[in-house]
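S.K.:
2 protein chains.
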Amino acid sequence: MADYIAPTREMKFVLKDVIDIAEVTALGRFQDASDDIIDAVLEEAGKFCREVLSPLNAVGDKQGAQLTADGVVASPGFKEAYQAYADNGWTSVCGDPAYGGQGLPLTLGSAVYEFVDAANMAFSLQPMLTTGAIESILAHGTAEQKAIYLEKMISGQWGGSMNLTEPGAGTDVGALKTKAEPAGDGTYHITGQKIFITWGDHDLTENIVHLVLARTPGSPEGTKGISLFIVPKYLVNEDGSLGGRNDAKCISLEHKLGIHGSPTCVMAFGEESDCIGYMIGAEHKGMAAMFTMMNNARLNVGIQGVGSSERALQMATTFAADRIQGKAIGATVPGPHAIIEHADVRRMLMTIKSTTEAARALTMLNAKALDLAEHHPDEDVRQANKGLADLLTPLSKAYGSDIGVENASLAVQVHGGMGFVEETGIAQVYRDTRINPIYEGTNGVQAMDLVGRKLPMQGGRFWRALLKDIGEFTTTLPDTDEFTGLKVNMQQAVAASEECAEWIVVQQGVNMRNALAGSSPFLRLLSVTVGGYLLAKGALAARTRLDEGDEEQDFLQAKIITARFYAEQIVPTTLGLKSSIMAGDELFFGIPSEQLTP
Amino acid sequence: MADYIAPTREMKFVLKDVIDIAEVTALGRFQDASDDIIDAVLEEAGKFCREVLSPLNAVGDKQGAQLTADGVVASPGFKEAYQAYADNGWTSVCGDPAYGGQGLPLTLGSAVYEFVDAANMAFSLQPMLTTGAIESILAHGTAEQKAIYLEKMISGQWGGSMNLTEPGAGTDVGALKTKAEPAGDGTYHITGQKIFITWGDHDLTENIVHLVLARTPGSPEGTKGISLFIVPKYLVNEDGSLGGRNDAKCISLEHKLGIHGSPTCVMAFGEESDCIGYMIGAEHKGMAAMFTMMNNARLNVGIQGVGSSERALQMATTFAADRIQGKAIGATVPGPHAIIEHADVRRMLMTIKSTTEAARALTMLNAKALDLAEHHPDEDVRQANKGLADLLTPLSKAYGSDIGVENASLAVQVHGGMGFVEETGIAQVYRDTRINPIYEGTNGVQAMDLVGRKLPMQGGRFWRALLKDIGEFTTTLPDTDEFTGLKVNMQQAVAASEECAEWIVVQQGVNMRNALAGSSPFLRLLSVTVGGYLLAKGALAARTRLDEGDEEQDFLQAKIITARFYAEQIVPTTLGLKSSIMAGDELFFGIPSEQLTP
Chain A
1 MADYIAPTRE MKFVLKDVID IAEVTALGRF QDASDDIIDA VLEEAGKFCR
51 EVLSPLNAVG DKQGAQLTAD GVVASPGFKE AYQAYADNGW TSVCGDPAYG
101 GQGLPLTLGS AVYEFVDAAN MAFSLQPMLT TGAIESILAH GTAEQKAIYL
151 EKMISGQWGG SMNLTEPGAG TDVGALKTKA EPAGDGTYHI TGQKIFITWG
201 DHDLTENIVH LVLARTPGSP EGTKGISLFI VPKYLVNEDG SLGGRNDAKC
251 ISLEHKLGIH GSPTCVMAFG EESDCIGYMI GAEHKGMAAM FTMMNNARLN
301 VGIQGVGSSE RALQMATTFA ADRIQGKAIG ATVPGPHAII EHADVRRMLM
351 TIKSTTEAAR ALTMLNAKAL DLAEHHPDED VRQANKGLAD LLTPLSKAYG
401 SDIGVENASL AVQVHGGMGF VEETGIAQVY RDTRINPIYE GTNGVQAMDL
451 VGRKLPMQGG RFWRALLKDI GEFTTTLPDT DEFTGLKVNM QQAVAASEEC
501 AEWIVVQQGV NMRNALAGSS PFLRLLSVTV GGYLLAKGAL AARTRLDEGD
551 EEQDFLQAKI ITARFYAEQI VPTTLGLKSS IMAGDELFFG IPSEQLTP
Chain B
1001 MADYIAPTRE MKFVLKDVID IAEVTALGRF QDASDDIIDA VLEEAGKFCR
1051 EVLSPLNAVG DKQGAQLTAD GVVASPGFKE AYQAYADNGW TSVCGDPAYG
1101 GQGLPLTLGS AVYEFVDAAN MAFSLQPMLT TGAIESILAH GTAEQKAIYL
1151 EKMISGQWGG SMNLTEPGAG TDVGALKTKA EPAGDGTYHI TGQKIFITWG
1201 DHDLTENIVH LVLARTPGSP EGTKGISLFI VPKYLVNEDG SLGGRNDAKC
1251 ISLEHKLGIH GSPTCVMAFG EESDCIGYMI GAEHKGMAAM FTMMNNARLN
1301 VGIQGVGSSE RALQMATTFA ADRIQGKAIG ATVPGPHAII EHADVRRMLM
1351 TIKSTTEAAR ALTMLNAKAL DLAEHHPDED VRQANKGLAD LLTPLSKAYG
1401 SDIGVENASL AVQVHGGMGF VEETGIAQVY RDTRINPIYE GTNGVQAMDL
1451 VGRKLPMQGG RFWRALLKDI GEFTTTLPDT DEFTGLKVNM QQAVAASEEC
1501 AEWIVVQQGV NMRNALAGSS PFLRLLSVTV GGYLLAKGAL AARTRLDEGD
1551 EEQDFLQAKI ITARFYAEQI VPTTLGLKSS IMAGDELFFG IPSEQLTP
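Chains as they are written, first to last, in the numbering used here: chain A, 1 to 598; chain B, 1001 to 1598.
#1: Leaving out the 5 sequence neighbours to the left and right, which residues in its chain are closer than 6 Å to N1057 of chain B when beta-carbon positions are compared?
#2: Among all the DSSP beta bridges, which residues are the ones paired with S1161 of chain B?
#3: Counting beta carbon pairs with one atom in the stretch 250 to 261 of chain A and one in the stretch 65 to 80 of chain A, are three or more of them shorter than 8 Å?
#4: From S580 of chain A to I1403 of chain B, what distance separates their C-alpha atoms?
#5: Within the continuous alpha helix (DSSP H) that includes H1140 of chain B, where are the two ends?
#6: Is I591 of chain A helix, strand or coil by DSSP?
#7: Going along the chain, which residues of its own chain have a beta-carbon closer than 6 Å to the beta-carbon of D371 of chain A, five neighbours each way excluded?
#8: Does DSSP classify P1232 of chain B as helix, strand or coil?
#9: Using a Cβ-Cβ distance under 8 Å, would E568 of chain A count as near chain B?
#10: Show which residues of chain A have a CB atom less than 8 Å away from the CB atom of L1015 of chain B.
#11: Using the C-alpha atoms, what's the distance from V116 of chain A back to V59 of chain A?
#12: Using the Cα positions of A447 of chain A and D481 of chain A, report the straight-line distance between them to the nearest angstrom.
#13: Would you kindly report the start and end of the unbroken beta strand (DSSP E) that includes K1249 of chain B?
#14: R9 of chain A CB to nearest chain B CB: under 8 Å?
#15: How close, in whole Å, do the beta carbons of L213 of chain A and G281 of chain A come, if the pair is a contact with beta carbons under 8 Å?
#16: Can you tell which of A:G222, A:Q413, A:I230 has the C-alpha that lies nearest to the C-alpha of V1405 of chain B?
#17: Suppose the cutoff is 7 Å on Cβ atoms and the five residues either side in sequence are ignored; what does the same chain contact list for N1246 of chain B look like?
#18: For I137 of chain A versus N163 of chain A, is the C-beta distance shorter than 8 Å?
#19: Compute the Euclidean distance between the alpha carbons of D3 of chain A and G302 of chain A, then round it to the nearest angstrom.
#20: Would you check if there are 3 or more beta carbon pairs closer than 8 Å linking the stretch 467 to 475 of chain A to the stretch 484 to 499 of chain A?
#21: Identify every residue that forms a DSSP beta bridge with A338 of chain A.
#22: How far does the alpha helix (DSSP H) with K1012 of chain B in it extend, from its first residue to its last?
#23: Examine the Cβ distances between the stretch 518 to 532 of chain A and the stretch 1355 to 1367 of chain B and report whether three or more of them are shorter than 8 Å.
#24: Tell me, please, whether the CB atom of M1448 of chain B is closer than 8 Å to any CB atom in chain A?
#25: Nearest to P1263 of chain B by alpha carbon, out of B:S1241, B:G1286, B:F1078, B:G1240?
#26: Give me the Cα-Cα distance between F1123 of chain B and A1288 of chain B, rounded to the nearest whole angstrom.
#27: In the stretch 1323 to 1342 of chain B, which residues sit with their C-beta less than 9 Å from some C-beta in chain A, listed in chain order?
#28: Taking a Cβ distance cut-off of 8 Å, strictly less, list which residues of the stretch 1240 to 1257 of chain B are near chain A, in chain order.
#29: What residues in the stretch 391 to 418 of chain A have a beta carbon less than 8 Å from any beta carbon of chain B?
#30: Which partner residues of A268 of chain A appear in the DSSP bridge assignment?
#31: Kindly indicate if chain A contains any beta-carbon less than 8 Å away from that of T1424 of chain B.
#32: Going by DSSP in three states, E1221 of chain B sits in which element: helix, strand or coil?
#33: In three-state DSSP terms, what is G1417 of chain B?
#34: Hey, A1312 of chain B and M1128 of chain B are a contact pair by Cβ (cut 8 Å); roughly how many whole angstroms apart?
#35: Considering Y533 of chain A, what are the terminal residues of the alpha helix (DSSP H) in which it resides?
#36: V599 of chain A versus chain B: which residues are under 8 Å apart at the beta carbon?
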């Protein structure tokens, strides 16, 4: 597999020229995150990902995690890589300084996470899920729970896992059956099985803090009767040292399409009636705690899609530049040529590149909104950014993960026959990234969340504000040859987004299913509109820097071309999407279920 | 994995009500192919595929073909299944009756092939490649060669393989280096290596007839210096019995993303300087012979995409009907509901269904055009159909294979987390079908062929005729509530196709690369237009039959809904495609290759 090179220059551009991370680093809390620190973190993370994590990507695919009598053993090299990862401080980038974290902005941590994921997606899931657990404990734990767990989890000494799904309770979490019965001493006995538990067991850390959703006796049905519990793999003594083994075990691993290096566990709690859990947060408030874990996880899954997509771009470009085959029509030097000179190959590469950059900017804007929503001193700014983050999260998750899959497939295509054999490594990207549209809420669930929950929030205040910003920005684009086409296409996209959002709002009052029928294309429409806007912002910034005589001529010129390509080739898909969305649900249910197949 | 049920009723509808196979069966050559025979062939094929081939699909995936000291051994059960396949006459459906074939139309054989492929894609490649070899020998072989090989190949006693690709010669076949030196006795010594040879060796048949492209001494460079050779695995004695082992061997198998049951061989010819080949056709005319093999192979690969897509539809529908999860908004009965009641899941299923049916109709129209082009008594009709088949072949290959991949991915998505674990089998479809857009000429090559060769043929006569037919048909659609939306969207699509084709024709005279930059979206645009037209034809036929009181109410009603869904949700993508196509190549090459990645 080709080396992965972290796109640090690109990421700095997104953070500084596109989403303006300075608004975040201006906050007192982040005063240490100077430009130099940002650059240094990105460079060091890129180096670590390239040198340590990337070489293990194919290793983990070939020899996945294994279930042994002593529990799950990670793929060769993963334990050592994890130790280095923790030692170098990568588990603690955004961690709360009160518990030993570095307290850097989530925006920067998210940028680092893209590199980690692109280098080794299977590996990256362990820190991602630990982060989810940390956030839950931080938000809902007692002072004592925080004292026991957080420092060790932030330092990477202990890991975390999230235990939600059961065989009959996937998307419908409320159907779960795992039980938590009071033991009389304030603790609970947990019994039940969870499936699809990512990194549910492993040998990377000395302990694993499982967060488990379960029902206390007599709880109401559905999501209202769910509580959250801390179930450590090893019990913890009062002095913080490890006690006995808790009755929480991985009993089998899934045989999966991809991410073989990430153990997907069936977890059994209380098989020997001796699983001890500690309630976290209030009884019956487990869903709220779960959403704390899940929201950032959704952004992270979108970022995973971007990471896969970046890796696909690098592999496809390298292959296309090396592969000599035939003569390219329109080439200025005599052939044979590398296939990168063929127009259709270039179409594929530019499609991957431009959608990757659009989705990256989207996820980083989302992360920035989360930082401001949490830490800005002004309540109005916090609220506005909370609303923006709520709106963007389903977009990040679904658009990021969808383009990850689409671009991996395009990159396989660029490889031709070599894309279908496993040795080149692009097939692994194609397999690995396919999980992203599924987990942490399928993309259909994201679309439902967008249309059903996020659009109506506060009377539609947040989407109106976002589209107003985009519309106003678009109007300010110069009427030059360079920007006119982009401007026209973006204006169409903004208009289509507004029209469709208004249509959906009306439908919500009449026939919710009519609105939901178009939810997936609407999510795509809005994502492409936001993506096009952010690329256009970057292009305008690049033009300004070029006009000011900036030295990075080629790089900045490429930003403009990429934004224009996206506007010209991707943004027009919004025309068809608008038509699809506003067609409603009539034909969706026109055929009885049993007539859908022979 | 869910059972595969051959869509026989659907296929009969396509053949009789959509593409009018009666025009083919009216020909004297096909007088035996009565409606009853067609029905019986489809039913029997469907039964065989379901009972024999489909159960081996997962078997072949888990235990792929193996290379042993005695050559390649197929997956467990494949040899017995193949024997039954041949015994039941499935290898000889379209075979020339002069050599023991049943002489049925290619259109019918193509319908059968879809079932075989959907049931077991890896298996289906063996008969497909044998068919290619048969066609080449039939078209270019001497009477003696035909006498030696054809009967045994058509009966399935011997297999065939096609040996084109070499490490440096994939799409650019002209770069191949395999040598053929005259032995002095009319035969040739072949030396060289071929890669990616599908079913290049196996134990299903007692002999394998390799067709090998090679260069004779002093041949001109490029495609003009290539000749075609018959290289049997076992030499053939004068009485037709098998002689000694020829020096043509599989020396390794590829480790692939999918179709593990289909051995993809590296073939070594003349490693011991003792590989005997027999020239077929004239010296230096190997490319013509290759295109004979390849044209039908391209249609078959498109059909493979349709087959994968049908299987994906069946698996996703079955899963969605069984999987109870949450409450579906807009459902008329209280929940919990099967996920098939959710609008977004229904969108995915209807998308798979409608695109599968569109692509199926396209491939069958293509097959029909090939039948008429070969066998119609009227020269003008033959010419017109030859032109139509030439035009449709890249569409069948690329659209069929692309929707195969897209729909397999959608079907994985419908399965949620269960789609990512291998046990449900949908992941296998996703992996297997990914080869279709690549082999037999990548889809980029198909798009180039469409724009560069097929559009300009005879001054654009064929595409103009096709779009004229579609336009006229569209005009005749009734202005009823049922058909109006479909009619409007189809008229837009026809107009977009015409406008883009005209634009491309102009560009071809000015800047060919400008035309080629939009070749892939143009191929998609034209495919969707033709697909929408064929579904509309079916819908109109269904409406007529319903009005006449036909008993198959639900089935016919479903045809109309499916055509309308396609017109409403898929056809509008042509709006964006038109915009992409006419944007030209300017931005494709705006970034120097080395700036595409960090």
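Every residue gets a Cβ at the ideal spot worked out from N, C-alpha and C, and that includes glycine.
M.R.: Straight from the coordinates:
#1: Here residue 1057 of chain B is taken as the residue at index 57 of the second sequence, counted from 1. Only N1120 meet the Cβ criterion.
#2: As a working mapping, residue 1161 of chain B is identified with position 161 in the second sequence. B:H1210, per the DSSP bridge assignment.
#3: Segments in contact, yes.
#4: Translated into positions along the first sequence, residue 580 of chain A becomes position 580. Translated into positions along the second sequence, residue 1403 of chain B becomes position 403. Their Cα atoms are separated by approximately 18 Å.
#5: Position 140 of the second sequence, counted from the start, is the residue given in the question as residue 1140 of chain B. Boundaries of the alpha helix (DSSP H) harbouring H1140 of chain B: 1121 to 1140, taken from the DSSP string.
#6: Position 591 of the first sequence, counting from 1, holds the residue named residue 591 of chain A. I591 of chain A: coil per DSSP, three-state reduction.
#7: Mapped onto the first sequence, residue 371 of chain A falls at position 371. The answer, listed in chain order, is V24, P105, L106, T107.
#8: Within the second sequence, residue 1232 of chain B is the residue found at index 232, counting from 1. Of the three classes helix, strand and coil, the one that applies to P1232 of chain B here is strand, per DSSP.
#9: Position 568 of the first sequence holds residue 568 of chain A. So, interface residue.
#10: For this step, residue 1015 of chain B is matched to residue 15 along the second sequence. Here the premise fails: no neighbours, minimum Cβ distance about 15 Å.
#11: Position 59 of the first sequence holds residue 59 of chain A. Position 116 of the first sequence holds residue 116 of chain A. Their Cα atoms are separated by approximately 16 Å.
#12: In the first sequence, the residue the question calls residue 447 of chain A occupies position 447. In the first sequence, the residue the question calls residue 481 of chain A occupies position 481. Their Cα atoms are separated by approximately 36 Å.
#13: Stepping through the second sequence from its first residue, residue 1249 of chain B is reached at position 249. Per DSSP, the unbroken beta strand (DSSP E) holding K1249 of chain B starts and ends at 1248 to 1253.
#14: On the first sequence, residue 9 of chain A is found 9 positions in, with the first residue counted as 1. Output row for R9 of chain A: interface = yes.
#15: Against the first sequence, residue 213 of chain A aligns to sequence position 213. Against the first sequence, residue 281 of chain A aligns to sequence position 281. The beta-carbon distance between L213 of chain A and G281 of chain A, rounded to whole angstroms, is 11 Å. This is too long to meet the 8 Å contact definition.
#16: As a first step, residue 1405 of chain B must be located in the second sequence, where it is residue number 405. A:Q413 is the residue among A:G222, A:Q413, A:I230 whose C-alpha sits nearest the C-alpha of V1405 of chain B.
#17: The sequence position of residue 1246 of chain B within the second sequence is 246, counting from 1. Within the same chain, and ignoring the five residues on either side of N1246 of chain B in sequence, the residues whose Cβ sits closer than 7 Å to its Cβ are V1231, P1232, K1233, Y1234, L1235, C1275, I1276.
#18: Sequence index remark: in the first sequence, residue 137 of chain A carries index 137 (1-based). Sequence index remark: in the first sequence, residue 163 of chain A carries index 163 (1-based). When the beta-carbon positions are compared, I137 of chain A and N163 of chain A stay at least 8 Å from each other.
#19: Taking the first residue of the first sequence as 1, we reach residue 3 of chain A at position 3. Taking the first residue of the first sequence as 1, we reach residue 302 of chain A at position 302. C-alpha separation (whole angstroms): 22 Å.
#20: Three or more Cβ pairs drawn from the stretch 467 to 475 of chain A and the stretch 484 to 499 of chain A lie within less than 8 Å of each other, which places the two stretches in contact.
#21: Counting from one through the first sequence, the residue named residue 338 of chain A turns up at place 338. The partner list for A338 of chain A (beta bridge, DSSP) reads A:I324.
#22: Indexing the second sequence from 1 puts residue 1012 of chain B at position 12. It spans 1008 to 1013 - the alpha helix (DSSP H) in which K1012 of chain B sits, taken as one unbroken run.
#23: In short, these stretches do not touch, since the Cβ pair count stays below three.
#24: For the purposes of this step, residue 1448 of chain B is taken as the residue at position 448 of the second sequence. Judged by the 8 Å Cβ criterion, M1448 of chain B is in contact with chain A.
#25: As a first step, residue 1263 of chain B is located in the second sequence; it is residue number 263 there, counting from the start. Cα-wise, what sits closest to P1263 of chain B is B:F1078.
#26: For this step, residue 1123 of chain B is matched to residue 123 along the second sequence. For this step, residue 1288 of chain B is matched to residue 288 along the second sequence. So the two alpha carbons sit approximately 28 Å from each other.
#27: Residues R1323, I1324, Q1325, G1326, K1327, A1328, I1329, G1330, A1331, P1336, A1338, I1339, I1340, E1341, H1342.
#28: Under the 8 Å Cβ criterion, the stretch 1240 to 1257 of chain B contributes E1254, H1255, K1256, L1257.
#29: Of all residues in the stretch 391 to 418 of chain A, V405, S409, V412, Q413, G416, G417 have a Cβ within less than 8 Å of some Cβ in chain B.
#30: Along the first sequence, read from residue 1 onward, the residue named residue 268 of chain A stands at position 268. DSSP output for A268 of chain A lists A:Q193, A:K249 as bridge partner(s).
#31: Residue 1424 of chain B sits at position 424 when you count from the first residue of the second sequence. Not one beta carbon of chain A lies nearer than 8 Å to the beta carbon of T1424 of chain B.
#32: One-based indexing of the second sequence puts residue 1221 of chain B at position 221. In the structure shown, E1221 of chain B sits in coil (DSSP, three-state: anything other than H, G, I, E or B).
#33: As a working note, residue 1417 of chain B is residue 417 in the second sequence. Looking at G1417 of chain B - three-state DSSP - the assignment turns out to be helix.
#34: Position 312 of the second sequence, counting from 1, holds the residue named residue 1312 of chain B. Position 128 of the second sequence, counting from 1, holds the residue named residue 1128 of chain B. Their Cβ separation, rounded to whole angstroms, is 20 Å, which puts A1312 of chain B and M1128 of chain B out of contact at 8 Å.
#35: Within the first sequence, numbered from 1, the residue matching residue 533 of chain A stands at position 533. From DSSP, the alpha helix (DSSP H) with Y533 of chain A extends over 519 to 547.
#36: Residue 599 of chain A lies beyond the residue range present for chain A, which begins at 1 and ends at 598; the question has no answer from this structure.
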